[in-house]
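Student: Positions -28 to -1, 1 to 275 (mature numbering (1 follows the signal peptide of the UniProt record, and there is no 0)) are the ones given, in order, by the sequence shown.
Just so you know, even glycine gets a beta-carbon here, dropped at the ideal spot from N, CA and C.
The model shown is predicted, which means the values in this text are computed figures rather than measured ones.
Sharing a structure with you now.
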Amino acid sequence: MEYNMLKRKKIILILLVWVCLFATQTHAQAQLTLLNYNTRYGFQGDRALMDKFVEWVNVIDPDIVAFQEMTHFTQSDLEILAKRYGHHYAVISKEYAHPVAITSRYPIVNIQKVTVNLWHGYIYGNIKGIHFFVTHLSPFDWESRKRDIDMVLAHAKLLPVDAGKVIMGDLNALSPSDSAQYGELEVAMAKSEGRLEAVSGLSIVEGKTIHRNNLDDTKIDYSVVGEVLTNGFTDVIAHKHPDFQNSVPTESVRKKSSFLRRIDYIFVNDVLTPRIFKAEILKDELTHRMSDHYPVLLKLSAD
């Protein structure tokens, strides 16, 4: 009798363990992990650095990675890199200048590469029913940034209102939620305003002269990020971290005169906002030196 009771308890315990393991596995499978990263000129063409990135990203194990500045990468190069961390779907916007790119564990469908009349352009694609936009805006001109983000938002408005939408990228724009950090930066920016910029390799500026135009009537422009927020998107880092988090510069390129800024973003619309589980700007010994930007991570919980 006592033996049978112990046996039953053992079976119940084993079943409970299996239920817990299954629940944990199901939750992990249902989560969606996103990573956004400006790689600084395609990892500066450094194969050893790419190897370190692959080792690092395999630990992070994202489902979707958005890239900016994939300089010198071809579609084939991107596919080879992506397969090294388990992503068999990859799209690059173009094979010149500073393309954006996206890789995924899951199929990317309805792909659009939009580059005409844009600084770097953007990629649109649908992954697991969620609409993704990956972009990289001008570092020199707030009006150019505003035009580009307006195009992305206009595209997003064409999509079903009840669908999940994500905008990822280096916007080269500051957020109004961080404005308290930027008083001294505004003074410093005024000193370089109007400066002639030597720009090459971008078809949109061929035959044009570019002068730095990052202040709107002597003030930092917050309208680019502000427009995204006004259109119903949530800045995931600000949502999870009321304290200031910088995405540039990294420790390896930071100087005494450097100003900490946040210009790399992941935004989600109100359909996905309740699913924000974790959002971080990832800082460790490797990300301190892999790029001049830190990567941004987002984990979305199950539906």
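Looking at the unbroken beta strand (DSSP E) that takes in residue 85, where does it start and where does it end?
Tutor: 81 to 86
Student: Quick check: the Cα distance between residue 35 and residue 271, rounded to an integer number of angstroms?
Tutor: 10 Å
Student: Identify the continuous alpha helix (DSSP H) that holds residue 32 and give its terminal residues.
Tutor: 19 to 32
Student: Would you kindly work out how many angstroms separate the C-alpha atoms of residue 230 and residue 221, rounded to a whole number?
Tutor: The C-alpha of residue 221 is placed about 8 Å away from the C-alpha of residue 230.
Student: Is residue 225 helix, strand or coil when you go by DSSP?
Tutor: DSSP, reduced to helix, strand and coil, places residue 225 outside both helices and strands of the structure shown, so it counts as coil.
Student: What do you get for residue 218, buried or exposed, if any count of 16 or more other CB atoms within 10 angstroms of its CB means buried?
Tutor: buried
Student: Contact defined as beta carbons within less than 8 Å: I believe residue 70 pairs with residue 96. What is the distance between those atoms, to the nearest angstrom?
Tutor: In fact, because the Cβ distance is near 18 Å, the residues do not count as touching under 8 Å.
Student: Straight-line CA distance for residue 37 to residue 196?
Tutor: 23 Å
Student: Can you tell me the Cβ-Cβ gap for residue 239 and residue 205, rounded? I've got them flagged as a contact below 8 Å.
Tutor: Taking 8 Å as the upper bound for CB-CB distance, residue 239 and residue 205 are in contact here, some 4 Å apart.
Student: Is DSSP giving residue 265 helix, strand or coil here?
Tutor: Three-state result, residue 265: coil.
Student: Provide the residue span of the beta strand (DSSP E) that contains residue 205, from first to last.
Tutor: 205 to 207
Student: Under 8 Å: do the region 145 to 162 and the region 182 to 201 share three or more Cβ pairs, one atom per stretch?
Tutor: Segments in contact, yes.
Student: Following the continuous beta strand (DSSP E) through residue 235, name the residue where it begins and the one where it ends.
Tutor: Membership of residue 235 in any beta strand (DSSP E) is not indicated, and neither H nor E is assigned to it by DSSP.
Student: Would DSSP call residue 51 helix, strand or coil?
Tutor: helix
Student: Would you give the residue range spanned by the alpha helix (DSSP H) that residue 72 belongs to?
Tutor: Note, residue 72: premise wrong, no alpha helix (DSSP H); not H, not E.
Student: Could you tell me which of 61, 251, 74 and 119 sits nearest to residue 88, measuring between CA atoms?
Tutor: Comparing Cα-Cα distances from residue 88 to each of 61, 251, 74 and 119, the minimum goes to 119.
Student: What is the DSSP secondary structure of residue 255, reduced to helix, strand or coil?
Tutor: coil
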